[in-house]
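K.L.:
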Amino acid sequence: MPGSASFTLHFWDYFAFLAFLAVLSVIGYWAGRKERGGSTDYFLAGKRLPWYVVGGSFIASNISTEHFIGMIGVGVVYGICVAMSEWGNVLSFTLLIWFFIPFLLASQVFTTPEFLEKRFSPVLRQFFAFVTIISNVVAFLAAVLYGGALAIQKLFESELTRLTDLLPGHAAMAAADIQQIQLWFSIVVLGFVAGIWAIYGGLSSVAWTDLFTVIVMIAGGIAVTLLGLSALAGEDGSLIDGVATMIERNRAAEGLWKEAVETNVAQLAKTDSYNRLSVIQPASHPTHPWPALIFGVFSVSIWYNVLNQFMIQRVLGARNSYHARMGIVFAGFMKVLLPAIVVIPGLVVFAMHPEILMIRPWSNVKLAADQSYIHLIQTLVPIGLRGLFLAALFGAIQSTVNSVLNSTATIITLDVYKRWMRPAASDKQLVKVGILASIGILAIAIILGGFISRIGGNLFVYIQTLYAFFAPPFSAVFLLGILWKRINAKGAIAAVFLGFLFGIAMKAYIQFGPAIREALPAVPPHPLWLEPYSNQSAINWAFCVVVCTVVSLASAPPRPEQVTDLLTFNWRKMNIFSGLGDHWYTSVVTWWLLFVLTIIALLVVFSGFVIPPGAPP
Numbered sequence: 015m016p017g018s019a020s021f022t023l024h025f026w027d028y029f030a031f032l033a034f035l036a037v038l039s040v041i042g043y044w045a046g047r048k049e050r051g052g053s054t055d056y057f058l059a060g061k062r063l064p065w066y067v068v069g070g071s072f073i074a075s076n077i078s079t080e081h082f083i084g085m086i087g088v089g090v091v092y093g094i095c096v097a098m099s100e101w102g103n104v105l106s107f108t109l110l111i112w113f114f115i116p117f118l119l120a121s122q123v124f125t126t127p128e129f130l131e132k133r134f135s136p137v138l139r140q141f142f143a144f145v146t147i148i149s150n151v152v153a154f155l156a157a158v159l160y161g162g163a164l165a166i167q168k169l170f171e172s173e174l175t176r177l178t179d180l181l182p183g184h185a186a187m188a189a190a191d192i193q194q195i196q197l198w199f200s201i202v203v204l205g206f207v208a209g210i211w212a213i214y215g216g217l218s219s220v221a222w223t224d225l226f227t228v229i230v231m232i233a234g235g236i237a238v239t240l241l242g243l244s245a246l247a248g249e250d251g252s253l254i255d256g257v258a259t260m261i262e263r264n265r266a267a268e269g270l271w272k273e274a275v276e277t278n279v280a281q282l283a284k285t286d287s288y289n290r291l292s293v294i295q296p297a298s299h300p301t302h303p304w305p306a307l308i309f310g311v312f313s314v315s316i317w318y319n320v321l322n323q324f325m326i327q328r329v330l331g332a333r334n335s336y337h338a339r340m341g342i343v344f345a346g347f348m349k350v351l352l353p354a355i356v357v358i359p360g361l362v363v364f365a366m367h368p369e370i371l372m373i374r375p376w377s378n379v380k381l382a383a384d385q386s387y388i389h390l391i392q393t394l395v396p397i398g399l400r401g402l403f404l405a406a407l408f409g410a411i412q413s414t415v416n417s418v419l420n421s422t423a424t425i426i427t428l429d430v431y432k433r434w435m436r437p438a439a440s441d442k443q444l445v446k447v448g449i450l451a452s453i454g455i456l457a458i459a460i461i462l463g464g465f466i467s468r469i470g471g472n473l474f475v476y477i478q479t480l481y482a483f484f485a486p487p488f489s490a491v492f493l494l495g496i497l498w499k500r501i502n503a504k505g506a507i508a509a510v511f512l513g514f515l516f517g518i519a520m521k522a523y524i525q526f527g528p529a530i531r532e533a534l535p536a537v538p539p540h541p542l543w544l545e546p547y548s549n550q551s552a553i554n555w556a557f558c559v560v561v562c563t564v565v566s567l568a569s570a571p572p573r574p575e576q577v578t579d580l581l582t583f584n585w586r587k588m589n590i591f592s593g594l595g596d597h598w599y600t601s602v603v604t605w606w607l608l609f610v611l612t613i614i615a616l617l618v619v620f621s622g623f624v625i626p627p628g629a630p631p
């Protein structure tokens with residue numbers, strides 16, 4: 015059972031972990047030593063990032079403790095469908111490669127709020143900047159630091175205990191107080207170590223350390239997966255035998271595996287049956303309903319991969335269009351690979367411990383499943399190599415902290431300080447403000463991370479769920495704005511504000527349905543397919559599209575300077591076929607096609623038809 019074993023580290027584990035930190039520091043210093051002279055250097059790495067750094071940093075920014083801890087845990091509970099969180103990006107990546115990258119590079123903007131002002135109005139820029147700053151600090155930085163600190167508490171429990179034993183009066187302290195002190199210490203150390211290079215060298219340090227980090231994460235993650243499959247195969251079996259065992263047990267055709275699925279089918283998908291080896295799940299599935307495969311790209315993915323500053327900043331820092339596009343293709347292949355690191359281990363743990371799904375109450379199942387990665391390291395990784403795998407976990411934390419910290423400081427500096435406070439600020443002043451903003455953001459995130467446990471996990475989850483509703487309004491406005499010149503600022507502002515309120519109202523209707531119907535009996539109960547937040551996001555996106563269109567058509571058209579070829583698509587002038595590479599083997603087209611075909615093949619294999627549940631071997 016995950017979490018049941020004690021965790022011990024030895025000399026070579028510490029050596030591997032400290033070696034990782036040392037190499038990371040050397041790279042961070044080397045990459046950032048010349049990037050403090052101007053705003054373009056500090057915030058966009060001088061626009062000199064090669065494609066492999068763009069792609070590596072893009073993916074590293076996306077991976078956090080939620081992948082190694084949360085996503086593996088969700089894989090234990092729900093199966094292969096969790097892979098759609100990665101594979102489902104194929105359409106948004108395709109749009110980014112072929113349309114959005116040439117468009118955004120041509121617009122010559124530093125930030126996405128800056129683009130929204132040029133296309134619509136200062137009000138929209140200000141609101142988007144505000145939402146981005148608050149959500150980045152609360153829902154990303156504080157969350158990542160808190161989750162990472164919890165992992166550190168468990169992994170280094172004996173070391174932290176020795177430190178707290180040195181405190182005066184520790185013997186009289188309650189166990190809860192000691193744990194809280196250890197948590198605070200872990201958050202502070204983690205925040206400082208993870209954020210130092212973002213503060214020092216800006217995007218250049220962040221991107222190059224991200225590249226090294228993602229290599230370690232992939233190597234460590236794949237090794238854990240292989241060790242898990244070897245354990246399933248037994249002493250005399252091969253990796254192929256391990257894969258076959260994992261698949262057979264996750265088909266849940268017999269034994270405890272069948273009992274675990276059949277007993278909890280109502281919790282898993284609110285249906286009569288459940289296929290753990292299918293990416294196509296019912297519309298009522300809590301985390302990955304099938305409508306998300308179709309509408310998710312519009313309601314969430316475009317916002318996350320195109321409008322989200324801490325993701326798109328790498329693209330804006332690329333050497334040219336070719337390096338930006340090939341970087342996203344490279345990131346796409348890593349998206350193909352990621353389920354082998356953050357989903358397959360979940361299937362391995364279920365094959366080993368199906369009893370996890372029998373824990374009661376159901377809310378405790380996810381808590382137990384979240385310990386799966388640590389459990390695999392505890393039980394499978396030999397002494398001396400555990401430090402490497404802990405480095406992979408720390409790398410996930412570090413890359414996200416660095417990326418979010420740098421992008422948030424960029425928005426504060428350029429979209430708040432320069433835009434509203436000091437328009438004439440010099441490049442050196444902007445860099446200083448960026449450094450000070452990074453320090454301030456990190457301090458606030460550390461404080462919030464320490465208080466999350468006191469606020470309560472449910473509230474924290476609720477905040478993160480609400481965060482999903484920031485995406486649909488901005489995605490709708492951005493997409494309509496670049497495709498249709500008739501869309502104006504009034505329509506965009508109405509869609510954003512009403513969409514935000516509509517999302518909250520829809521969530522309240524579901525969350526407090528019984529109380530609402532008690533007061534208003536005429537209000538019908540919500541259908542089951544409305545409960546998944548991804549379905550709610552899709553509905554909210556459609557609502558925003560209608561509002562934006564109607565209000566825009568009912569008011570005056572935008573000014574000519576708001577609909578230039580740099581701000582809206584001009585299909586006759588837009589050259590999407592430039593910067594594709596000089597040879598077929600270096601061409602963006604070649605590698606993009608291979609990426610798309612690979613995703614299609616995976617979706618076919620795990621469609622539920624090739625490997626049906628409970629079919630005879």
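15 is the number of the first residue of the sequence shown in this note's numbering; add one for each residue after it. By construction, the Cβ of each residue, glycine as well, lies at the ideal position given by its N, Cα and C atoms.
Output the boundary residues of the alpha helix (DSSP H) element that contains Tyr-336.
P.N.:
As a position in the sequence shown, residue 336 is number 322, starting the count at 1. Segment 335-351, the alpha helix (DSSP H) holding Tyr-336.
K.L.:
Give every residue of the same chain whose Cβ lies closer than 6 Å to the Cβ of Leu-164, excluding the five residues on either side of it in the sequence, and list them in chain order.
P.N.:
Counted from its first residue, the sequence shown places residue 164 at position 150. Contacts found: none.
K.L.:
Based on Cα-Cα distance, which residue from Ile-342, Val-357, Gln-281, Gly-89 lies nearest to Arg-374?
P.N.:
Counting from 1 along the sequence shown, the entry for residue 374 is found at position 360. Out of Ile-342, Val-357, Gln-281, Gly-89, Gln-281 has the C-alpha closest to the C-alpha of Arg-374.
K.L.:
Comparing alpha-carbon positions, which option in Trp-543, Gly-331, Ala-382 lies nearest Pro-305?
P.N.:
Here the question's residue 305 lines up with position 291 in the sequence shown. Nearest option by C-alpha distance: Trp-543.
K.L.:
Count the C-beta pairs between the segment 33-40 and the segment 219-233 that are closer than 8 Å, then say yes if the count reaches three, no if not.
P.N.:
Touching, yes, given that three or more Cβ pairs across the two stretches are closer than 8 Å.
K.L.:
Pairs of beta-carbons, one from the segment 356-365 and one from the segment 512-530, closer than 8 Å: are there three or more?
P.N.:
In short, these stretches do not touch, since the Cβ pair count stays below three.
K.L.:
Taking Ile-421 as the reference, give the member of Ser-53, Gln-295, Ile-254, Leu-253 with the closest Cα.
P.N.:
On the sequence shown, position 407 is the one that residue 421 refers to. The amino acid occupying residue 421 in the given sequence is Ser; Ile does not appear at that position. For the residues Ser-53, Gln-295, Ile-254, Leu-253, the minimum Cα distance to Ser-421 belongs to Ser-53.
K.L.:
Counting C-beta neighbours from all protein chains within 10 Å, is the total for Ile-316 16 or more, i.e. buried, or is it exposed?
P.N.:
Counting from one through the sequence shown, the residue named residue 316 turns up at place 302. Flag for Ile-316 reads buried.
K.L.:
Is the segment 399-406 in contact with the segment 24-34, if contact means three or more CB pairs nearer than 8 Å?
P.N.:
The segment 399-406 is in contact with the segment 24-34.
K.L.:
I'd like to know if the segment 113-127 and the segment 319-331 are in contact, where contact means that at least 3 CB-CB pairs between them fall below 8 Å.
P.N.:
Contact holds: three or more Cβ-Cβ distances are below 8 Å.
K.L.:
Taking Trp-606 as the reference, give the member of Phe-347, Ala-503, Glu-273 with the closest Cα.
P.N.:
For the purposes of this step, residue 606 is identified with residue 592 of the sequence shown, where counting begins at 1. Answer by Cα proximity: Phe-347.
K.L.:
Using the three-state DSSP reduction, which class does Ala-332 fall into: helix, strand or coil?
P.N.:
Taking the first residue of the sequence shown as 1, we reach residue 332 at position 318. If DSSP states are grouped into helix, strand and coil, Ala-332 belongs with the strands.
K.L.:
Only counting the same chain, and skipping five residues up and downstream in sequence, which positions put a Cβ closer than 8 Å to that of Ala-19?
P.N.:
Taking the sequence shown and counting its residues from 1, one reaches residue 19 at position 5. Reliability of the predicted coordinates at Ala-19 is poor, the pLDDT of 47 falling under 50, and no value is obtained from them.
K.L.:
Looking at the unbroken alpha helix (DSSP H) that takes in Val-610, where does it start and where does it end?
P.N.:
For the purposes of this step, residue 610 is taken as residue 596 along the sequence shown, with counting starting at 1. Residues 602-619.
K.L.:
Could you name each continuous beta strand (DSSP E) segment of 3 residues or more that falls completely within the segment 482-562, going from the start of the chain to the end?
P.N.:
Counting whole runs of 3 or more residues, the segment 482-562 contains no beta strand (DSSP E) stretch at all.
K.L.:
How far does the alpha helix (DSSP H) with His-389 in it reach, from first residue to last?
P.N.:
What you label residue 389 is simply residue 375 of the sequence shown in a count that begins at 1. Where His-389 is concerned, the enclosing alpha helix (DSSP H) stretches over 386-394.
K.L.:
Along the chain, where does the alpha helix (DSSP H) that runs through Asn-322 open and close?
P.N.:
Locating residue 322 in the sequence shown gives position 308, counting from the first residue. From DSSP, Asn-322 is part of no alpha helix (DSSP H); its letter is neither H nor E.
K.L.:
Following the continuous alpha helix (DSSP H) through Gly-251, name the residue where it begins and the one where it ends.
P.N.:
Residue 251 sits at position 237 when you count from the first residue of the sequence shown. Gly-251 -> no alpha helix (DSSP H), and no H or E assigned at all.
K.L.:
Quick check on this structure: which residue in Ala-503, Gly-162, Tyr-56, His-24 has the alpha carbon closest to the alpha carbon of Val-415?
P.N.:
As a first step, residue 415 is located in the sequence shown; it is residue number 401 there, counting from the start. Nearest C-alpha to Val-415: Gly-162.
K.L.:
Could you check if Ala-503 is buried or exposed, using at least 16 other CB atoms within 10 Å of its CB as the buried criterion?
P.N.:
Numbered from 1 along the sequence shown, position 489 holds the residue referred to as residue 503. Result: buried.
K.L.:
Does the Cβ of Gly-331 have 16 or more other Cβ atoms within 10 Å, making it buried, or fewer, making it exposed?
P.N.:
One-based indexing of the sequence shown puts residue 331 at position 317. Looking at its Cβ environment, which holds 16 or more other Cβ atoms inside 10 Å, Gly-331 is buried.
K.L.:
Identify the continuous alpha helix (DSSP H) that holds Gln-412 and give its terminal residues.
P.N.:
As a position in the sequence shown, residue 412 is number 398, starting the count at 1. Start and end: 400-425.
K.L.:
For Asn-378, count neighbouring Cβ atoms within 10 angstroms of its own Cβ and tell me buried if that reaches 16, exposed if not.
P.N.:
Locating residue 378 in the sequence shown gives position 364, counting from the first residue. Looking at its Cβ environment, which holds fewer than 16 other Cβ atoms inside 10 Å, Asn-378 is exposed.
K.L.:
Closest to Leu-241 by C-alpha separation, out of Pro-396, Ile-458, Phe-141, Tyr-160, would be which residue?
P.N.:
Translated into the one-based positions of the sequence shown, residue 241 becomes position 227. Nearest C-alpha to Leu-241: Pro-396.
K.L.:
Report yes or no: is there a C-beta of chain C within less than 9 Å of the C-beta of Val-395?
P.N.:
Checking the listed chains, one finds no chain C in this structure; it contains a single protein chain.
K.L.:
Taking 7 Å as the limit between beta carbons, can you name the residues of its chain near Leu-110, skipping five residues before and five after?
P.N.:
Looking up residue 110 in the sequence shown gives position 96. These residues qualify, in order along the chain: Asn-319, Val-320, Ile-342.
K.L.:
Quick one: what's Leu-63 bridged to in DSSP?
P.N.:
Locating residue 63 in the sequence shown gives position 49, where the first residue counts as 1. The partner list for Leu-63 (beta bridge, DSSP) reads Ala-332.
K.L.:
In terms of residues, what are the limits of the alpha helix (DSSP H) holding Gly-93?
P.N.:
Reading the sequence shown from its first residue, position 79 is the one you call residue 93. Counting along the chain, Gly-93 falls outside any alpha helix (DSSP H), and DSSP gives it neither H nor E.
K.L.:
Run through DSSP, which three-state label would Ala-19 get?
P.N.:
Sequence index remark: in the sequence shown, residue 19 carries index 5 (1-based). Confidence at Ala-19 is low in this model, with a pLDDT of 47, below 50, so its placement is unreliable and the value that follows should be read with caution. Correct three-state label for Ala-19: coil.
K.L.:
Can you tell me where the alpha helix (DSSP H) holding Tyr-431 begins and where it ends?
P.N.:
What you label residue 431 is simply residue 417 of the sequence shown in a count that begins at 1. First-last for Tyr-431: undefined, no H or E at that position.
K.L.:
Can you grab the Cα-Cα spacing for the pair Phe-474 / Thr-604, in whole Å?
P.N.:
Here residue 474 is taken as the residue at index 460 of the sequence shown, counted from 1. Here residue 604 is taken as the residue at index 590 of the sequence shown, counted from 1. Confidence in Phe-474 is poor, its pLDDT being 43 and thus under 50, which makes the residue's placement unreliable; the coordinate value appears in the next sentence. Their backbone Cα atoms lie some 43 Å apart in a straight line.
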